[in-house]
Amino acid sequence: MDVTLILTHRCNLACGYCYAGEHVRRDMDAATLDRAVDLLFADGADRAQLSFFGGEPFLAFDAMRRAVARAERHARAAGARLAVQCTTNATALGPEQVAFVREHGIRCTVSIDGVRAAHDLNRPRAGGGSSYDQVRAGLRRLVRTGCAPDALMVISPQTVPYVYASVSELWAEGVGMVRANLVLDAPWTAEDRDELREQLLAVGWELLARRTRGEAVAFEPFERAMRPVRRKPAGGRRPHVVVATSGHLYPCAPMVGEDRDDGREAALRVGHLDDGAPAIARRAAACGVGCDDGRGCACAAYLETGDPGTPGPNGRWFGAVCGELGAAIADALARGPYPSRAAGTGGAGRRPFVIGVAAALAGLAAGGSALLRAGLPGCKRPRDGVDAVVARGEMAGPGAGGGPGDDPLAGVDLDEVVPTGATAFPPAGDDPPDGATVGEDAPPLPGELRAPDPAPAVEGDLAAPPEPAIDLRPRGQLRRPAGDSAPRGPGSAAGGD
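Here the working numbering runs 72 ahead of the position in the sequence shown, where the first position is 1.
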């Protein structure tokens, strides 16, 4: 089974949106750590992932080294495959830590909110002051040494104007995979959602441009909708458990909180290490709660509504928008392939691709209704897009409700809206959701979103996409934060340092 260790509750940052509560000095002791690591292959699996979370895991570096060494011994003894992952703020990554990451093939996900202006809004040092330079230095060390880190940015209403610039800068820094979560319990207004959608559309254009140049970049909120998915039979999902410093077990890391007996997190516990490995493995396999089941994210639902089984309006809206955009991008890319220079096809080979780009994305600038109308009833006006579709016709605008307590998706089956399971809180690993098979032969799911048919081909080589009938770019320049002169649209230099 997969095991995530909360190595410590200590952290050297004071993020405004942190769900871990008070950062007390509480570390996992050696005996608890050993018993937790021993769960990895206790169910007889031929592969497992060990993950580190916190707090800041590298503040407990000795414990991390002990855990990795023990896990590798178990993997060798079982003849099994081990993957190791760590979510970190990168501030404690010196030469010794980076060498350890590289030696053991640890996949690091670095928490950084993008450009300096966005990062500094919510991620100060615990003692005050900016953490940006430290985080960026740690990220660059990982990139320079070939450790291929991911980046995890958290989007709040205040950082929405920086989303495109932030993603672009991270890609320019050499980060291949940028993941994004929302501050789900923030008061998101209709204006915030409109601006975020514009920013995400700009990110989509940048992603297409880089992919067509052969760059291996990805944006996780889109990526889930871009992968063809076929569900495996029941029982195919790999069990997962999170072990707190106390030895209590949870289904998902964000649910641990402060791990208090009198906190709301106590009701989410699924056992204790004292229960023994066989019982824990059976319970984890039957739990069915997690981010990787293809249906949505239980921890995102918990963070927004307090109930893992009840997704909130912000997470559902984000999943629907990213599913729409991801499906359009996937359709455009599938109309390729984009030929390499060595293929000898010249410019003529680009025709199906560029026409596919124009066809698949034409509906997005008009609100995306061309992608959704065939799959969902109630889309009445072309420019309403997702905001109307997910509300079955009308989504409340400014001053007419639509606040964080209102659910515009009540009664809508989200498995039909986002059939591949785009979520607001994606997991850290590279693999597709457990319980899913990825491949070209995967059949479409019911209600799968489809782009419109491409326009007829035109004569001659197409060295660049033709001007579409609808402006595919975001409407005008994206809004700039006060005092910020950095351009925000595709093709412009990213903001920040």
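Built from N, CA and C at the ideal position, the CB exists for glycine as well.
Whole-Å CB distance - residue i paired with residue j, under 8 Å assumed
i	j	result
alanine 143	leucine 112	6 Å
glutamine 299	aspartate 74	One detail in the question is off: residue 299 reads as arginine in this sequence, not glutamine. Not confirmed; about 20 Å, so no contact.
alanine 147	arginine 153	7 Å
alanine 370	proline 380	4 Å
alanine 223	valine 187	Rounded, the Cβ-Cβ distance is 12 Å, inconsistent with contact.
glutamine 169	phenylalanine 130	6 Å
leucine 214	leucine 165	7 Å
alanine 114	alanine 349	4 Å
alanine 209	isoleucine 227	Not a contact, Cβ separation roughly 23 Å.
leucine 345	threonine 104	7 Å
glutamate 175	leucine 211	Incorrect: roughly 19 Å between the Cβ atoms, too far for contact.
cysteine 87	arginine 179	Actually they are not in contact, since the Cβ atoms of cysteine 87 and arginine 179 sit about 22 Å apart, beyond 8 Å.
leucine 405	arginine 283	6 Å
valine 232	leucine 193	The Cβ separation is near 11 Å, so there is no contact.
Beta bridge counterpart(s) of residue i as assigned by DSSP
i	result
leucine 224	Ser183, Arg251
phenylalanine 172	Per DSSP, none; premise fails for phenylalanine 172.
proline 371	With the sequence shown as reference, residue 371 is identified as cysteine, and proline is not the correct amino acid for it. Its beta-bridge partners do not exist; DSSP assigns none.
aspartate 99	Thr80
proline 196	Ser202
arginine 107	For arginine 107, which the question treats as bridged, DSSP gives no partner whatsoever.
leucine 85	Arg197
histidine 146	According to DSSP, which records beta bridges pairwise, histidine 146 is partnered with nothing at all.
glycine 343	Leu321
Where the alpha helix (DSSP H) containing residue i begins and where it ends
i	result
alanine 237	235-244
arginine 400	Looking at the sequence shown, residue 400 is not arginine but alanine. Per DSSP, alanine 400 belongs to the alpha helix (DSSP H) from 385-406.
valine 328	Looking at the DSSP string, valine 328 is not in any alpha helix (DSSP H), and its letter there is neither H nor E.
Endpoints, the beta strand (DSSP E) within which residue i is located
i	result
aspartate 74	74-78
leucine 34	Past the boundaries of the shown model lies residue 34; the chain is included only from 73 to 569, so the question cannot be answered.
valine 289	Careful: valine 289 lies outside any beta strand (DSSP E) and carries neither H nor E.
glutamine 121	119-125
arginine 153	153-160
valine 275	First-last for valine 275: 262-284, but that is the alpha helix (DSSP H), not the beta strand (DSSP E).
valine 314	312-315
When the options are compared against residue i, the one with the closest alpha-carbon
i	options	result
phenylalanine 294	Glu396, Asp346, Pro221	Glu396
histidine 312	Arg332, Val342, Asp334, Ala152	Val342
alanine 258	Asp266, Gln230, Trp277, Gly335	Gln230
alanine 162	Arg195, Cys83, Ala252, Gln206	Gln206
glutamate 357	Pro323, Cys90, Leu340, Val393	Here residue 357 is alanine; the residue named in the question, glutamate, does not match the sequence. Comparing Cα positions, the closest option is Pro323.
phenylalanine 291	Pro350, Met327, Met136, Trp243	Trp243
alanine 171	Cys219, Cys158, His146, Ala189	Cys219
histidine 572	Gly177, Leu85, Cys158, Arg213	Nothing can be reported for residue 572, as the shown portion of the chain is limited to 73 through 569.
leucine 77	Asp346, Trp389, Arg216, Ser318	Ser318
valine 109	Arg354, Pro383, Gly276, Leu122	Leu122
phenylalanine 390	Ala274, Ile352, Trp260	Trp260
aspartate 118	Phe130, Ala103, Ala149, Met136	Ala149
valine 255	Ala406, Asp185, Ser202, Asp334	Asp185
phenylalanine 297	Ala402, Ala102, Val226, Leu345	Sequence inspection shows alanine at residue 297; the phenylalanine mentioned does not correspond to that position. Per the Cα distances, Ala402.
glycine 373	Asp346, Pro326, Glu241, Asp333	Reading off the sequence, residue 373 comes out as alanine, not glycine. Closest by alpha carbon: Pro326.
cysteine 83	Thr159, Gly116, Ala102	Thr159
histidine 81	Val328, Gly384, Ala209, Ile178	Val328
alanine 135	Gly151, Pro167, Ala120, Arg98	Arg98
leucine 272	Thr377, Cys87, Tyr234	Tyr234
glycine 335	Gly378, Arg174, Ala353, Ala351	Gly378
alanine 262	Arg107, Pro385, Arg285, Glu128	Pro385
valine 314	Cys90, Ala237, Gly126, Ala102	Gly126
serine 240	Arg216, Arg265, Gly276, Thr217	Gly276
valine 250	Asp264, Glu267, Ala288, Ala198	Ala288
alanine 120	Asp101, Glu128, Ala102, Val140	Val140
proline 167	Ala102, Gly201, Met225, Thr217	Thr217
leucine 79	Gly116, Glu128, Tyr89	Glu128
proline 221	Gly199, Tyr204, Gly177, Ala281	Gly177
Residue i beta carbon near the ligand NAP (any heavy atom closer than 8 Å)
i	result
tyrosine 322	Ligands in the displayed structure: none, and consequently the ligand NAP is not present.
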